[in-house]
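One structure below.
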Amino acid sequence: MVPPDSLIVDARFPVLKKKYRKLPRNTDYSAYRHPRWWPTWLGIGFMWLVAQLPIRLQWGLGKLAGLLAWKLARSRRHITEVNIRLCFPELTEQQQAALVRKAFIANGIGLLELGIAWFRDPAKLTGITRIHGIEHFEKALEAGRGVLLLGGHYSTLDLGGSLVTEYIEADVMQRDHNNPLMNAVMTRARGRRYGNVLGAKDLRGLFRSLKKNRAVWYATDQDYGRKDIVFAPFFGIPAGTITATSRIAERSGCTIVPFSHFRRDDKPGYDIYFHPALEDFPSGDDLEDATRINRIIEQEIRKAPDQYLWMHRRFKTRPDPDDPGFYRRKKK
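Just so we're aligned, residue 1 is where the sequence shown starts under the UniProt record's numbering, counting upward by one.
Here is the structure:
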């Protein structure tokens, strides 16, 4: 677990500003006694309370939260509609609209599942969790060079990751939350489940973990800007895809094992999938590698299309900077 930083967060800074990303992590709760943090504490308390409810009731509340966001979060709904239209052109307009609605419901449930992942023991959910292909992970670990668990931003992100650690030991890379108090709660919660909670840019920590033959949870399926990327097809659309995965595999010699996690539709429960390790990776061709990774993630998404984070502007960065953006709203 990453040790708490000794520096105290200055409560005078306004909450949810990008400047927080430059501050050291501070997971000492005593640093957040100022009244400025009280609204965040109330939200955390609500998450804790909801996490104590039966899972069926949590799913019901999550559905309501998702439907409320679908109604009110117009900007995110627009992004989701664009993504669904681009990625599933074979669907009719009615089917696309239905998938958008289901995506908000799935992510609403996922939001409430954060409480389970952070405040409850996921071991209590192993009875309704099915593991598929764990032998692929075990075989990859036998190589002794570390395993990079290639994941994606599914709506079961935190809970799925917590459930995984009931079956394997792993570290995790995370993008810190903009709100330092929420980040402290998230980091401490993940620290109880994972061996190490590495920052998104902590490549030294990543390589140290791999050198110790540890597994590290890692996701590449978001738009991180124009730096160190290639434009690889994702659902047939050129998408800015980072090349870091190839660099990490090349330098460390680690094994890449794709994995995913989904919520069941028929009844409360979860499925976790490990897939065979990637062979001949990296290939020496960044575009080929990125295309291969995107194809794997796309295949997993198609298992449960509504359970992906479609609210993210995945195609924000265009191959030609002068190309019009996909997410611009048409003027009425």
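We treat Cβ as the ideally placed atom computed from N, Cα and C, and that holds for glycine.
Comparing C-alpha distances from ALA239 to each of ALA249, ARG226 and SER75 shows the shortest one belongs to ARG226.
Boundaries of the alpha helix (DSSP H) around ALA106: 93-119. Given a length threshold of 3 residues, each whole run of the beta strand (DSSP E) inside the region 240-269 is given here in chain order: 255-263. For ARG130, the uninterrupted beta strand (DSSP E) segment begins and ends at 129-132. Ranked by Cα distance from ARG77, the options THR129, VAL100, ALA249 and ALA140 are led by VAL100. The region 149-159 makes contact with the region 110-118, as at least three CB pairs between them are under 8 Å. Taking each of LEU64, TRP310, ARG295 and LEU210 in turn and checking the Cα distance to GLY195, the smallest one comes out for LEU210.
Using a C-beta cut-off of 8 Å, the region 123-133 makes contact with the region 267-285, since at least three inter-stretch Cβ pairs fall below that distance.
With contacts defined by Cβ atoms closer than 8 Å, ILE293 and LEU150 form a contacting pair. VAL172 is bridged by DSSP to VAL197 and TRP217. Just measuring C-alpha positions, the residue of ARG85, GLU138, TYR29 and GLY199 sitting nearest HIS177 is GLY199. Taking the Cα positions, TRP70 is about 37 Å away from PRO276. DSSP lists HIS132 and SER260 as the beta-bridge partner residues of TYR273. When C-alpha distances from MET186 are compared across ASP202, GLY161, LYS201 and LEU206, the shortest belongs to GLY161. For ALA232, the enclosing beta strand (DSSP E) stretches over residues 229-234. ILE256 is positioned such that its CB atom lies no closer than 8 Å to that of LEU141.
The alpha carbon of MET173 has as its nearest neighbour, out of MET182, VAL197 and ARG188, the alpha carbon of VAL197. At a Cβ-Cβ threshold of 8 Å, THR80 and TRP310 count as neighbours. In terms of Cβ geometry, ALA304 and PHE262 form a close pair [threshold 8 Å]. GLY43 is not a Cβ neighbour of ILE105, given a cutoff of 8 Å. By the Cβ neighbour-count rule, PHE46 is exposed, with fewer than 16 other Cβ atoms within 10 Å of its own. Counting only residues of its own chain and dropping the five nearest sequence neighbours on each side, ARG175 has a CB closer than 6 Å to the CB of ALA200.
Closest in C-alpha terms to ASP265, from the list ARG36, THR27, ARG74 and LYS102, comes LYS102. Residue environment for PRO122: buried (at least 16 other C-beta atoms within 10 angstroms of its C-beta).
Across the set ARG74, LEU53, GLN96 and LEU49, the C-alpha of GLN96 shows the shortest separation from the C-alpha of ASP306.
Nearest Cα to VAL216 within the set VAL230, GLY146, ALA244 and SER252: GLY146.
LEU150 carries a strand assignment under DSSP once its states are collapsed to helix, strand and coil. Counting along the chain, TRP37 sits inside no alpha helix (DSSP H), nor does DSSP assign it H or E at all.
Contact between PHE315 and LEU86 holds: CB atoms are separated by about 7 Å, below the 8 Å threshold.
Per DSSP, ASP158 is one residue of the alpha helix (DSSP H) stretching across 157-164. Closest in alpha carbon position to VAL230, among GLN222, THR241 and ILE237, is THR241. Counting every other CB atom within 10 Å of its CB across the protein chains shown gives ASP280 a total below 16, marking it as exposed. Annotated three-state conformation of PRO180 is helix, per DSSP.
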